[in-house]
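Take a look at the structure set out below.
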Amino acid sequence: MTAQRLARQNPFRVNRVLSLRYRLDALGWRDLLDRWAELGQRAALVGPKGSGKTTLLEELEQRLEARGWHLVPLRLRHDRRRLNAADWRRLQDAGPRHLVTVDGVEQLSWWRWHQLSKHSQRAGGLIVTSHTPGRLPTLRRHQTDPSLLHALVTELVGTAQAARLAPELEQLFEQHQGNLRDCLRSLYDAWAGGTHRWPGEVDSRREADSRRNAA
Amino acid sequence: MTIQIHLDGNPAHEPGTEVRGRATWQSLNRQSKSVLISLLWHTEGKGTEDVAIIEQIKVEGPSAAGSREFAFVLPNFPWSFSGTLLSLVWAIEASLEPAGEVARVDIVSAPGTEEVQL
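Chains U and F are the protein sequences, given in the same order.
Just so we're aligned, residue 1 is where the first sequence starts under our numbering, counting upward by one.
Just so we're aligned, residue 1001 is where the second sequence starts under our numbering, counting upward by one.
Rendered as structure tokens:
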């Protein structure tokens, strides 16, 4: 009998993927923050979809908050392309120790961007993410490659399983044009659909039996 | 710092029944202002995680080492369930505030004390 593959056991479930830390490679956090300071503390993280911009933004938020910055995080998506009245008020109230972060700034028209830029002038810091450069000086340009996908998958399923998946990871990377988020979603589906036999997989029925026995 | 949760008896329960146990902690530093013990459920799977905190007990100004008993009555709904896209998981969580170490024990709340499998 084939074990049912439960969402809570899926190694590619969203909360596990979100817990992956951003990989800064040779560049350290201090270098990155120094560069941000050199850019007048107003800069952009630039890269294509699924390349880790939001992950890096969230890590920067945590690190800067720990250094005493007060966060004003603003999030835009294709279905939320405008700031609301409360967001504008928070921008206007921001002062020298406030850090405004805007994820998905490409969603704003140039006019709205101009307004946001103007209203955030009093804030001590501004970091935005964008698919394209040009709105602010680029703090970091994001690029992905198959080895990065392999490293993330290794963290989620272990070295042995990641090695077995290596050829598939190359294909996935190509299929999703380097969008790591979409690659990991495809791997979720592959696991859920039983495409692979995974080491250490928990048989849900056996798990239920052992729970009954414990009772 | 270490914080742990110990349940009295089995982690699988009928909805509407009581979950009892004890949270214990050791070697807390001065920055730990409180210990928060929560009964909650959350979802896991392909989509965005959803969380609901049902009940909380707050221990203000905890000593460096100590413990606190808890007893929560599980609501009748939602039940623990799991499919390939989504799981709903009940849990008891103990956390140090401000944001610090977290201990969690998953429990089951469903008729027959077995997670409903979709």
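For each residue, glycine too, the CB sits at the ideal point set by N, CA and C.
All values derive from a computational prediction rather than experimental measurement.
| So what's U/Lys53 in DSSP terms, helix, strand or just coil? | The residue labelled residue 53 of chain U in the question sits at position 53 within the first sequence. Looking at U/Lys53 - three-state DSSP - the assignment turns out to be helix.
| message | Any contact between the region 1056–1066 of chain F and the region 1105–1114 of chain F? By contact I mean 3 or more CB pairs, one from each, below 8 Å. | response | no
| Minimum C-alpha distance to U/Leu60 - residue among U/Arg13, U/Ser117, U/Thr101 | Taking the first sequence and counting its residues from 1, the one referred to as residue 60 of chain U is at position 60. Minimum Cα distance to U/Leu60 is reached at U/Thr101.
| said: Under DSSP, the alpha helix (DSSP H) around U/Glu168 begins and ends at which residues? | reply: By 1-based counting over the first sequence, the position of residue 168 of chain U is 168. Note, U/Glu168: alpha helix (DSSP H), 159–175.
| said: Could you check whether the Cβ of F/Val1102 sits closer than 7 Å to any Cβ belonging to chain U? | reply: Position 102 of the second sequence, counting from 1, holds the residue named residue 1102 of chain F. Chain U contact via Cβ: absent.
| field | Where the alpha helix (DSSP H) through U/Ser117 begins and ends | value | The count along the first sequence starts at 1 and reaches residue 117 of chain U at position 117. Its alpha helix (DSSP H) spans residues 110–119.
| said: What residue range does the alpha helix (DSSP H) around U/Leu91 cover? | reply: Here the question's residue 91 of chain U lines up with position 91 in the first sequence. 85–93 is the span of the alpha helix (DSSP H), which, as asked, contains U/Leu91.
| request: State the beta-bridge partners of U/Leu126 as determined by DSSP. | output: Looking up residue 126 of chain U in the first sequence gives position 126. Answer is U/Arg42, U/Val100, bridged to U/Leu126.
| task | Starting from F/Thr1048, find everything on chain U with Cβ-Cβ shorter than 9 Å and list it in chain order. | result | In the second sequence, the residue the question calls residue 1048 of chain F occupies position 48. In chain order: Val14.
| request: Decide if U/Gln143 is buried, meaning its Cβ has at least 16 other Cβ atoms within 10 Å, or exposed. | output: As a first step, residue 143 of chain U must be located in the first sequence, where it is residue number 143. The residue in question, U/Gln143, is exposed, as its Cβ has fewer than 16 Cβ neighbours within 10 Å.
| Can you list, in chain order, the residues of its chain whose CB lies under 6 Å from that of U/Thr138, leaving out five sequence neighbours each side? | The sequence position of residue 138 of chain U within the first sequence is 138, counting from 1. Closer than 6 Å at Cβ, skipping near neighbours: Ala44, Val46.
| task | Taking U/Ile127 as the reference, give the member of U/Leu149, U/Leu169, U/Ala37 with the closest Cα. | result | Taking the first sequence and counting its residues from 1, the one referred to as residue 127 of chain U is at position 127. Out of U/Leu149, U/Leu169, U/Ala37, U/Ala37 has the C-alpha closest to the C-alpha of U/Ile127.
| task | In the DSSP assignment, find the beta strand (DSSP E) that holds F/Leu1007 and state where it starts and stops. | result | Here the question's residue 1007 of chain F lines up with position 7 in the second sequence. Its beta strand (DSSP E) spans residues 1002–1007.
| task | Compute the Euclidean distance between the alpha carbons of F/Ala1065 and F/Gly1100, then round it to the nearest angstrom. | result | Against the second sequence, residue 1065 of chain F aligns to sequence position 65. Against the second sequence, residue 1100 of chain F aligns to sequence position 100. Those two C-alpha atoms are separated by around 16 Å.
| task | Specify whether the region 85–104 of chain U and the region 66–75 of chain U touch according to this definition: at least 3 beta carbon pairs, one from each stretch, less than 8 Å apart. | result | yes
| Ends of the alpha helix (DSSP H) at U/Asp182? | By one-based count along the first sequence, residue 182 of chain U stands at place 182. Start and end: 180–192.
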